Amino acid sequence: QVQVTAIAQGRESNSPQEPVNKSGGFTVTVLQYTQLSIRAGQPYQKVCRDSILDVSFTVSNYGNGVDTIRFEIINQDDLENAGFTVELSQPLIELDSQGESEMTVQITVTDIVEEGTYTLIARASTTLAGETEARNITATLEIRCDGIRGIPAPSLAAAVAAVAVIALRRRR
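As numbered in the numbering used here, residues 199 to 370 make up the sequence shown, in order.
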């Protein structure tokens with residue numbers, strides 16, 4: 199809750215009598231409110247199996263008080279059933295008014311994850327006086343293992359080109 203008080207003073211000289219000093223004021227009380235925002239540091243990532251990556255999200259508190267924020271991956275069970283391991287750095291944080299915090303999710307792409315596109319859905323939420331304020335954001339993980347396992351396609355192409363150049367030089 200925030201209180202704002204305004205006091206004004208002045209002199210009234212519009213009357214035929216002597217000028218009179220006047221003052222007045224009012225107080226406004228603004229109750230605590232919540233307003234959250236969440237954004238993905240990198241909304242799209244392309245990785246291969248047997249990879250570990252950190253996916254970061256920034257949570258902002260635009261409310262007028264300190265809030266306890268719950269951070270979660272709401273489709274964590276689906277991702278784990280597909281073969282991912284999902285680990286949160288901190289599921290609960292306290293965030294000052296107008297403050298922000300970076301939240302990191304460590305994703306392990308195991309060798310049983312099938313190639314394809316997967317969506318990570320992050321949620322930041324807080325509760326005030328029984329009402330919940332929540333915001334969701336998505337990040338896309340594309341699992342593609344072009345070429346030899348662990349070597350992305352551009353690196354494989356460069357390696358093949360280098361071998362071809364060496365073979366041609368040896369023929370001369």
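Glycine included, C-beta positions come from ideal geometry on N, C-alpha and C. Predicted model, so just to flag it, every value in this text is computed and none were measured.
Any idea what DSSP makes of residue i, helix, strand or coil?
i: Asp312; result: Inspection of the sequence shows that residue 312 is occupied by Glu rather than by Asp. Of the three classes helix, strand and coil, the one that applies to Glu312 here is coil, per DSSP.
i: Asp265; result: strand
i: Ile205; result: strand
i: Arg367; result: helix
i: Gln240; result: coil
i: Asp168; result: Residue 168 falls outside the range modelled here, since the chain spans only 199 to 370, and no answer is possible.
i: Gly328; result: coil
i: Leu293; result: strand
i: Gln304; result: strand
Leaving out five residues on either side along the sequence, give the residues of the same chain with a beta carbon under 6 Å from the beta carbon of residue i.
i: Thr330; result: Ser323
i: Gln304; result: Asp252 and Glu285
i: Leu283; result: The sequence shown places Thr at residue 283, not Leu. Excluding positions up to five away in sequence, the list reads Thr306.
i: Tyr316; result: Leu339
Could you tell me the alpha carbon to alpha carbon distance between residue i and residue j, rounded to whole angstroms?
i: Ser221; j: Thr227; result: 21 Å
i: Gln296; j: Ile335; result: 19 Å
i: Thr203; j: Leu229; result: 15 Å
i: Glu298; j: Val257; result: 5 Å
i: Gln274; j: Asn262; result: 31 Å
i: Phe255; j: Thr302; result: 6 Å
i: Tyr260; j: Ala238; result: 17 Å
i: Glu292; j: Asp344; result: 42 Å
i: Arg369; j: Lys244; result: 39 Å
i: Ser157; j: Glu300; result: With the chain covering only 199 through 370, there is no way to say anything about residue 157.
Considering only residues of the same chain and omitting the five flanking positions on each side of residue i, which have a CB-CB separation below 7 Å?
i: Gly281; result: Thr308, Ile310 and Val311
i: Ser235; result: Ser258, Tyr260 and Arg333
i: Tyr231; result: Gly261 and Asn262
i: Glu278; result: Val284
i: Gly314; result: Ile341
Quick one: is residue i buried, meaning 16 or more other Cβ sit within 10 Å of its Cβ, or exposed?
i: Ala327; result: exposed
i: Asp294; result: exposed
i: Ala337; result: buried
i: Ile341; result: buried
i: Ile271; result: buried
Beta-carbon within less than 8 Å of residue i's beta-carbon, same chain only, minus the 5 sequence neighbours each way: which residues are those?
i: Arg347; result: Low local confidence applies: a pLDDT of 49 at Arg347 is under 50, so the model's placement there is unreliable, with the coordinate-based value given in what follows. Closer than 8 Å at Cβ, skipping near neighbours: Cys246, Arg247 and Asp248.
i: Ile374; result: The structure shown has nothing for residue 374, since the chain only spans 199 to 370.
i: Val264; result: Glu292, Leu293, Asp294 and Ser295
i: Gln240; result: Val253, Ser254 and Ala337
i: Ile205; result: Ser221, Gly222 and Gly223
Mind reading off the beta-carbon distance from residue i to residue j? Whole number of angstroms is fine, and I expect it under 8 Å.
i: Arg321; j: Leu290; result: Contact doesn't hold; Cβ gap of about 13 Å is too wide.
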